[in-house]
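Following: one structure in structure tokens, then a few remarks.
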DNA sequence: CTGGCGATTCTC
DNA sequence: AGAATCGCCAGA
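In this note's numbering, the protein residues as written are 758 to 961.
Okay, structure coming up:
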């Protein structure tokens with residue numbers, strides 16, 4: 758390839774979670790493990806703005822073994838186990854010691870559909886195949902072993918295929934499942950592509 | 001050391 | 001509406 762489409766470090770570091778959460782819509786998330794190449798077009802994200810964000814694991818500068826990834830320089834994955842059974846994928850944003858991240862919530866299957874269908878036990882045309890952060894991780898084979906992986910390597914990365922959305926094609930809404938975040942719970946930090954079926958259906 | 005609780009999903 | 005399922009982390 759003449760021009761690599763793989764997004765590089767500066768794209769993740771020289772920005773903030775709010776901008777990136779919107780800009781990642783339409784980008785293509787790839788995973789390649791055990792010879793299985795799969796990818797999905799990012800259709801839904803949420804911004805977590807760091808130490809001041811009551812919904813963030815890094816709220817109040819909380820720094821533990823789990824949250825360590827977020828304190829690293831941007832451009833790596835932050836994966837954690839949620840509800841004891843789902844692996845959730847975040848993209849670490851910004852500089853060193855600035856724990857901001859973007860949660861990838863949904864993708865539209867793009868490559869390796871047979872692998873995705875095998876993992877999810879359903880058709881890749883079914884929106885539930887990769888909508889919602891837990892389902893998306895299962896569809897793309899994302900596990901804890903991806904935690905702290907640089908997106909510049911060849912197990913998990915993001916490509917720009919030129920797909921762009923206008924502002925009026927992007928819906929913003931409150932983040933899901935963060936009612937504990939009090940006054941930050943209703944901030945419109947969730948973004949998804951209008952009229953795309955591959956987004957979280959219910960919200961509470 | 002302990003116990004309450006999830007950035008969820010699926011079934012009943 | 002409830003279950004599944006287990007690591008995290010604040011508090012003792």
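Ideal Cβ placement from N, Cα and C applies to all residues, glycine included.
Can you say whether residue i is buried or exposed, counting buried as having 16 or more other CB atoms within 10 angstroms of its CB?
{"i": "residue 780", "result": "buried"}
{"i": "residue 937", "result": "exposed"}
{"i": "residue 877", "result": "buried"}
{"i": "residue 892", "result": "buried"}
{"i": "residue 840", "result": "exposed"}
{"i": "residue 764", "result": "buried"}
{"i": "residue 847", "result": "buried"}
{"i": "residue 854", "result": "exposed"}
{"i": "residue 792", "result": "exposed"}
{"i": "residue 961", "result": "Residue confidence for residue 961 is low, a pLDDT of 49 falling below 50, so the modelled location carries little weight and cannot support an answer."}
{"i": "residue 924", "result": "exposed"}
List the residues that DSSP assigns as beta-bridge partners of residue i.
{"i": "residue 793", "result": "790"}
{"i": "residue 956", "result": "Residue 956 pairs with nothing; no bridge assigned."}
{"i": "residue 929", "result": "948"}
{"i": "residue 843", "result": "839"}
{"i": "residue 858", "result": "805 and 849"}
{"i": "residue 888", "result": "863"}
{"i": "residue 763", "result": "916"}
Please state whether the Cβ-Cβ distance between residue i and residue j is less than 8 Å.
{"i": "residue 803", "j": "residue 766", "result": "no"}
{"i": "residue 828", "j": "residue 856", "result": "yes"}
{"i": "residue 832", "j": "residue 849", "result": "yes"}
{"i": "residue 788", "j": "residue 933", "result": "no"}
{"i": "residue 926", "j": "residue 906", "result": "no"}
{"i": "residue 881", "j": "residue 870", "result": "yes"}
{"i": "residue 783", "j": "residue 908", "result": "no"}
{"i": "residue 838", "j": "residue 901", "result": "yes"}
{"i": "residue 864", "j": "residue 786", "result": "yes"}
To the nearest whole angstrom, what separates the beta carbons of residue i and residue j, a pair I think is in contact under 8 Å?
{"i": "residue 852", "j": "residue 958", "result": "With a Cβ gap of about 36 Å, residue 852 and residue 958 do not count as contacting."}
{"i": "residue 890", "j": "residue 845", "result": "5 Å"}
{"i": "residue 903", "j": "residue 834", "result": "5 Å"}
{"i": "residue 812", "j": "residue 948", "result": "Rounded, the Cβ-Cβ distance is 15 Å, inconsistent with contact."}
{"i": "residue 843", "j": "residue 894", "result": "7 Å"}
{"i": "residue 980", "j": "residue 774", "result": "Residue 980 lies beyond the stretch modelled for the chain, which goes from 758 to 961, so this question has no answer here."}
{"i": "residue 762", "j": "residue 918", "result": "6 Å"}
Taking 7 Å as the line, does the beta carbon of residue i fall inside it for any heavy atom of the ligand NAD?
{"i": "residue 920", "result": "This structure does not include the ligand NAD; it has no bound ligands of any sort."}
Worksheet item: Taking three-plus beta-carbon pairs below 8 Å as touching, is the region 876-891 in contact with the region 912-922?
Response: No contact exists between the region 876-891 and the region 912-922.
Practice prompt. Evaluate contact between the region 791-800 and the region 816-826, counting only Cβ atoms and requiring at least three cross-stretch pairs below 8 Å.
Written response: Under the Cβ criterion (8 Å, minimum of three pairs), the region 791-800 does not count as touching the region 816-826.
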